[in-house]
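> Following this message is one structure expressed as structure tokens.
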């Protein structure tokens, strides 16, 4: 099914959007909760999806928006798949969940992607009765106090730190407690977060299966577009350069 057809189907399911963002806040007597799942999603995997679903359930979110970063500030010196590929994989991964939305919001913005800027723009789009919940990994929570305009992040959104079982929160807690800014942080333990995007990329480059690690639709996209250095494997993919692109 073409991506355009998927988007039409998603619209038909009753998710009202402004662009590809959910339109919330129309009833001033109701408080809405918008989850924002930020990340590179290179590729998106089941850990991301389970974390978002758990945040949706545990925090009473109305919807979770997945926003692949355009040009991630912390990965400017690293090779990252194109925004189009990462958005397409995110769209495929979230298309069967009625309270997940894949957004081009950051992919289409020019320049380097900064979380504070994204949250500021979203705050301007939504009414005051829409609360923003920024979902990220607990390891990122430990570093967020040093992110650009950390004070703005603290002011604009609740933070949700997804952790794997047994993860030591001491570093994150010390960073938050020692910050001059008042962060509101909730931690969620998510068993599926034991996997990572880099782990999946390594498996692809070695010709190993991604089954049960990411949706089959994402696996199909990776092999169809020869991402992550796919070489003559059981999937029938062809040899390419470091990111699977043939010259």
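In the UniProt record's numbering, the protein residues as written are 1 to 247.
Glycine included, C-beta positions come from ideal geometry on N, C-alpha and C.
1. Look at the Cβ atom of residue 135, then the Cβ atom of residue 70, and state whether they are nearer than 8 Å.
2. Per DSSP, which one or two residues make a beta bridge with residue 68?
3. Could you tell me which uninterrupted alpha helix (DSSP H) segments, each at least 4 residues in length, are contained entirely in the stretch 164 to 199, listed from first to last along the chain?
4. Quick check on the burial criterion: 16 or more other C-beta atoms within 10 angstroms. Buried or exposed for residue 199?
5. With DSSP run on the structure shown, which of helix, strand or coil describes residue 120?
6. Flag this pair as yes or no: are the beta carbons of residue 126 and residue 38 separated by less than 8 Å?
7. Please state whether the Cβ-Cβ distance between residue 80 and residue 40 is less than 8 Å.
8. Taking residue 229 as the reference, give the member of 90, 201 and 51 with the closest Cα.
9. Quick check: the stretch 148 to 167 against the stretch 175 to 191, are at least 3 beta-carbon pairs closer than 8 Å?
10. Go ahead and label residue 86 buried or exposed: buried means 16 or more other beta carbons lie within 10 angstroms of its beta carbon, across all protein chains shown.
11. Judging by CA-CA distance, which residue of 61, 60 and 48 is the nearest neighbour of residue 67?
12. Per DSSP, what kind of secondary structure is residue 53 in: helix, strand or coil?
13. Assuming residue 21 contacts residue 82 under a Cβ cut-off of 8 Å, what Cβ separation, rounded to an integer in Å, is found between them?
14. Locate the alpha helix (DSSP H) running through residue 88, then write down its first and last residues.
15. Can you name the start and end residues of the beta strand (DSSP E) that residue 138 belongs to?
16. Taking all protein chains shown into account, decide if residue 54 is buried (16 or more other Cβ within 10 angstroms of its Cβ) or exposed.
17. With distances taken from CA atoms, which of 187, 213 and 121 is nearest residue 106?
18. Starting from residue 218, follow the beta strand (DSSP E) in both directions and report where the run begins and ends.
19. Need the endpoints of the alpha helix (DSSP H) that residue 102 sits in, please.
20. Leaving out five residues on either side along the sequence, give the residues of the same chain with a beta carbon under 6 Å from the beta carbon of residue 94.
21. With a cut-off of 8 Å on the beta carbons, I'd call residue 190 and residue 44 a contact; round off their distance for me.
Put simply:
1. no
2. 39
3. 170 to 177
4. exposed
5. helix
6. no
7. yes
8. 201
9. yes
10. buried
11. 48
12. helix
13. Not quite, the Cβ-Cβ distance comes to about 22 Å (not below 8 Å), so this is no contact.
14. 83 to 94
15. Premise fails: residue 138 lies in the alpha helix (DSSP H), 138 to 144, not in any beta strand (DSSP E).
16. buried
17. 121
18. Not the beta strand (DSSP E): residue 218 falls in the alpha helix (DSSP H), residues 216 to 224.
19. Careful: residue 102 lies outside any alpha helix (DSSP H), inside the beta strand (DSSP E) at 100 to 102.
20. 66, 100 and 102
21. No, residue 190 and residue 44 are not in contact; Cβ-Cβ is about 15 Å, not under 8 Å.
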